[in-house]
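**Q** Before I ask anything, let me first share the structure, which is written out below as structure tokens.
2 protein chains.
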Amino acid sequence: MTGTATIENKVFQALADPSRRAIFESLTRGEAAVKDLTARFSISQPAVSQHLAALKEAGLVDDRREGRCAYYRVRPRGMRPLIDWIAHYRAFWVEHIDRLEQLLENLDG
Amino acid sequence: MTGTATIENKVFQALADPSRRAIFESLTRGEAAVKDLTARFSISQPAVSQHLAALKEAGLVDDRREGRCAYYRVRPRGMRPLIDWIAHYRAFWVEHIDRLEQLLENLDG
DNA sequence: CAATCGCATAAGTGACTGCTTATGTTTCCT
DNA sequence: AGGAAACATAAGCAGTCACTTATGCGATTG
Numbered sequence: 248m249t250g251t252a253t254i255e256n257k258v259f260q261a262l263a264d265p266s267r268r269a270i271f272e273s274l275t276r277g278e279a280a281v282k283d284l285t286a287r288f289s290i291s292q293p294a295v296s297q298h299l300a301a302l303k304e305a306g307l308v309d310d311r312r313e314g315r316c317a318y319y320r321v322r323p324r325g326m327r328p329l330i331d332w333i334a335h336y337r338a339f340w341v342e343h344i345d346r347l348e349q350l351l352e353n354l355d356g
Numbered sequence: 248m249t250g251t252a253t254i255e256n257k258v259f260q261a262l263a264d265p266s267r268r269a270i271f272e273s274l275t276r277g278e279a280a281v282k283d284l285t286a287r288f289s290i291s292q293p294a295v296s297q298h299l300a301a302l303k304e305a306g307l308v309d310d311r312r313e314g315r316c317a318y319y320r321v322r323p324r325g326m327r328p329l330i331d332w333i334a335h336y337r338a339f340w341v342e343h344i345d346r347l348e349q350l351l352e353n354l355d356g
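Note that the protein sequences, when read in sequence, are chains G and L. Heads up: the first sequence runs through residues 248 to 356, numbered per my numbering. Heads up: the second sequence runs through residues 248 to 356, numbered per my numbering.
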């Protein structure tokens, strides 16, 4: 029951690792090259690349090649599966679901 | 960099497993005993108990003993670390952060 | 009291994960 | 062209994870 590969599952699985969340958080402060991220964290460059690959496959991140540098940036739409999952359990915050839905409607960008 | 045991980390890690999310989703439809959950899913009773223990340690679930039955229910406040984490990256939805914060304020229950 | 039920914990196992050190490829610099 | 820089991929390894079966304990039933 563990091998399901939905996009939702990939998002949750990608964000489950603290290093990956730290990298993602770092990217929210602006686009960055792999080299920069490698310098910020105390893990090897291949480890960073692997984390970025996982984030990308989850749709949370996009990359852009420029010369010999690979720049990664957050992909806001990639958060939708996570937010949709939260919003799905409206039974627990029904009074506020209208505001939440407005938020979700305008989140695309 | 993997051993951090923050509550945020536990929440993400707890929700990373599809079986655990399925159990959690099942609990959103109402309180249930371990026996009921074991009947709904095709995994053993110990597996269900272990998943519930993980959800409980993450604060996502509460339990209640009544006789020889253990009833589990969703703990809405447990979602806060997840929602707070999302809200933390306001740079990507700054225009709507006010509504989001109102939502978070009233979420406790 | 004896047997069963409901649940948690223990112990073991196969699969997966996150990390490392190579290694290869493309791009830039001199 | 030669060498270094930036990145991705490969291969290997230790730790973790989710699951199983086995067992123990308290509560219920007969």
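Note that CB positions come from ideal geometry on N, CA and C, so glycine has one too. Predicted, not measured: the structure shown is a model, and the values here were computed from it.
Where do the ends of the beta strand (DSSP E) carrying Ala317/L lie?
**A** 316 to 321 is the extent of the beta strand (DSSP E) around Ala317/L.
**Q** Mapping DSSP to helix, strand and coil, what is Glu278/L?
**A** Looking at Glu278/L - three-state DSSP - the assignment turns out to be coil, as it is neither helix nor strand.
**Q** Per DSSP, what kind of secondary structure is Asp264/G in: helix, strand or coil?
**A** coil
**Q** So Leu307/G and Phe271/G are supposed to be a Cβ contact under 8 Å. How far apart are they, rounded?
**A** 6 Å
**Q** Does Ile330/G have its Cβ less than 8 Å from a Cβ in chain L?
**A** yes
**Q** From the DSSP secondary-structure annotation, give me the bridge partner or partners of Asp283/L.
**A** According to DSSP, Asp283/L bridges with nothing at all.
**Q** Between His298/L and the rest of its own chain, which residues show a CB-CB distance below 7 Å, the 5 nearest in sequence each way excluded?
**A** Ser266, Arg267, Ile270
**Q** Straight-line CA distance for Gly277/L to Asp310/G?
**A** 42 Å
**Q** Could you name the residues of the same chain whose beta carbon sits closer than 8 Å to that of His343/G, not counting the 5 residues immediately before and after it, in chain order?
**A** Bear in mind that a pLDDT of 41 at His343/G, under 50, signals an unreliable position, so the model cannot answer this.
**Q** Applying a beta-carbon distance threshold of less than 7 Å, which residues of chain G neighbour Gly263/L?
**A** Contrary to the premise, residue 263/L reads as Ala rather than Gly in this sequence. By Cβ distance, chain G contributes Phe259, Gln260, Ala263.
**Q** Can you name, in chain order, every residue of its own chain whose Cβ lies under 7 Å from the Cβ of Glu255/L, other than the five neighbours on each side?
**A** Pro328, Trp332
**Q** Within 8 Å of any Cβ in chain L, is that where the Cβ of Ile254/G sits?
**A** no
**Q** Do you know whose CA, among Ala279/L, Gly325/L, His335/L, lies nearest Glu304/L's CA?
**A** Looking from the CA of Glu304/L, the closest CA among Ala279/L, Gly325/L, His335/L belongs to Gly325/L.
**Q** Near Arg322/L, which residues of its chain fall below 8 Å by C-beta distance, leaving aside the five closest residues on each side in sequence?
**A** Gly306, Leu307, Val308, Asp309
**Q** Kindly list, in the order they appear in chain L, the residues whose Cβ is closer than 9 Å to that of Ile333/G.
**A** Met326, Leu329, Ile330, Ile333
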